[in-house]
Amino acid sequence: MDKTKHDDDLEAFFDAAQDMTPPVSEGLMARVLDDALAVQAEGERQQTRRSQDRPFTGILSALGGWPAMAGLATAAVAGLWIGFSPALGVGEAMASALGSDGADLYLVDFSTGFEIAFEEGDAG
Amino acid sequence: MPFDTLGDVPTEALLSLFANGDRMAAHALTARLTPVVMAHAYRLLGDRAEAEDVAQEAMMRLWKIAADWRQDQAKVTTWLYRVVANLATDRLRRRKYRGPAIDDVPEPVDETIGPAERLEVLERQAALQSALDDLPERQRQAVVLRHIEGLGNPEIAAIMEISIEAVESLTARGKRALAAGLAGQREELGYGDG
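Chains as they are written, first to last, in numbering that gives the first Met the number 0: chain A, 0 to 123; chain B, 0 to 193.
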């Protein structure tokens with residue numbers, strides 16, 4: 000038998016096989032769906048149990064897990080550094096604006112609003 | 000009856016939704032994948048009851064792995080074809096093949112053909128299934144994936160975890176063996192030379 004004839008014959012059988020509807024019973028579909036919902040329910044039970052056993056895990060998970068915590072820690076450290084370090088350039092800008100040599104620009108007036116009101120009360 | 004109302008959503012995304020407890024995703028995946036899994040299991044096993052068992056087991060494995068599924072790994076269907084083939088192979092090794100009964104062969108899709116033609120199609124399908132079942136497991140799997148499921152050689156290579164050249168070799172040898180197996184039945188089934 001030559002190759003073309005051989006392939007043509009087989010193609011006819013393959014076509015017949017492709018034309019058939021595979022037997023999928025409603026019973027099988029129902030069993031597969033039941034399995035799916037049971038696995039989901041079990042997953043939810045385990046999730047609830049883990050959250051109750053380790054509350055921190057729940058918070059961690061809500062925040063996005065350990066990768067998010069690492070980002071949060073980095074942001075916190077960066078915030079501290081920005082808060083404590085003097086802003087470069089601000090001193091010179093303030094000095095030129097106020098006509099000062101800049102030495103007194105870091106003096107901070109710790110008087111609170113309450114003290115001001117108190118002093119005003121005394122004067123009155 | 001499960002229904003797939005999320006037809007536009009990729010299967011891999013549905014699996015992620017399923018893992019997060021989405022009930023609609025469970026329905027959609029069941030409706031979308033069970034027929035695929037069942038068809039492949041049937042073509043490898045030639046037995047409806049066994050194919051249903053394999054299909055249910057394969058889908059159960061999918062549900063259980065859903066939470067750990069990585070979006071960058073193989074397509075879900077590729078993974079399922081592989082699982083079905085492994086489960087079917089286990090079953091085939093445990094039993095001696097008894098041949099498909101004509102009642103066990105699925106009905107043709109085309110509703111317009113007459114009873115005589117329908118019977119002929121059923122007989123052809125039974126003959127093909129019988130010849131397929133006589134093939135070595137790997138050849139049968141490659142031929143079914145290539146010529147009945149209609150997959151490309153790269154995907155078949157991924158499913159069977161072999162090279163594309165090995166797929167080509169398996170399908171070529173499988174087709175030769177199929178042709179030989181069907182040769183004896185061709186005349187009586189109306190596939191004669193005339």
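Glycine included, each C-beta is placed from N, C-alpha and C at the ideal position.
Bear in mind that the values here come from a model prediction, so they are computed numbers and not experimental data.
CA-to-CA distance, residue j to residue i, given in whole angstroms
| i | j | result |
| --- | --- | --- |
| A:L79 | B:Y80 | 55 Å |
| B:R154 | B:V8 | Contrary to the premise, residue 154 of chain B reads as Glu rather than Arg in this sequence. Near 21 Å, if we compare the C-alpha coordinates of B:V8 and B:E154. |
| A:A16 | B:R22 | 34 Å |
| B:R90 | B:A141 | 18 Å |
| B:P34 | B:E119 | 24 Å |
| B:Q55 | A:A72 | 46 Å |
| B:I163 | A:Q45 | 42 Å |
| A:T32 | B:T29 | Contrary to the premise, residue 32 of chain A reads as Leu rather than Thr in this sequence. Distance between the alpha carbons of A:L32 and B:T29 is about 6 Å. |
| A:D18 | B:K63 | 33 Å |
| A:A11 | B:S129 | 15 Å |
| B:L131 | B:Q70 | 34 Å |
| A:A35 | A:I81 | 51 Å |
| A:A67 | B:A125 | 58 Å |
| A:S152 | A:A77 | The structure shown does not extend to residue 152 of chain A, since chain A is modelled only from 0 through 123, so no value can be given for it. |
| A:G63 | B:L127 | 54 Å |
| A:A69 | B:G20 | 27 Å |
| B:D46 | B:R94 | 12 Å |
Proximal residues to residue i (C-beta, below 7 Å), its chain only, five neighbours per side dropped
| i | result |
| --- | --- |
| B:A50 | M37, A40, Y41, L44 |
| B:R172 | Q138 |
| B:E116 | none |
| B:T88 | E136 |
| B:A73 | A157 |
8 Å Cβ cut-off: residues of chain B touching residue i
| i | result |
| --- | --- |
| A:Q17 | I147, G149 |
| A:L9 | H146, K174, L177, A178, L181 |
6 Å Cβ shell around residue i - same chain, five flanking residues per side excluded
| i | result |
| --- | --- |
| B:A24 | L13, L16, F17 |
| B:L32 | none |
| B:L255 | No answer is possible for residue 255 of chain B: the residues shown for chain B start at 0 and end at 193. |
| B:L134 | G173, A176 |
| B:L169 | R137, Q138, A141 |
Proximal chain A residues relative to residue i, where beta-carbon distance stays under 8 Å
| i | result |
| --- | --- |
| B:G20 | Q39, G42, E43 |
| B:T29 | M28, V31, L32, A35 |
Interface residues of chain A facing residue i [CB-CB closer than 7 Å]
| i | result |
| --- | --- |
| B:R123 | F12, A15 |
| B:A25 | L32, A35, L36, Q39 |
| B:L127 | F12, A15, A16 |
Other residues of its chain near residue i: CB distance less than 8 Å, five sequence neighbours each side excluded
| i | result |
| --- | --- |
| B:R60 | V82 |
| B:E160 | R81 |
| B:V166 | A141, R145, N152, I155, A156, M159 |
| B:I147 | R42 |
- At a Cβ cut of 9 Å, what residues of the stretch 47 to 65 of chain B count as close to chain A, listed as they run along the chain? R47, A50, E51, A54, Q55, M58, M59, L61, W62, K63, A65
- Item | Residues of the stretch 147 to 173 of chain B whose Cβ lies closer than 7 Å to any Cβ of chain A, in chain order | I147
- Task: Note down, in chain order, all residues in the stretch 62 to 86 of chain B with a beta-carbon under 8 Å from any beta-carbon belonging to chain A.
- Result: W62, K63, A65, A66
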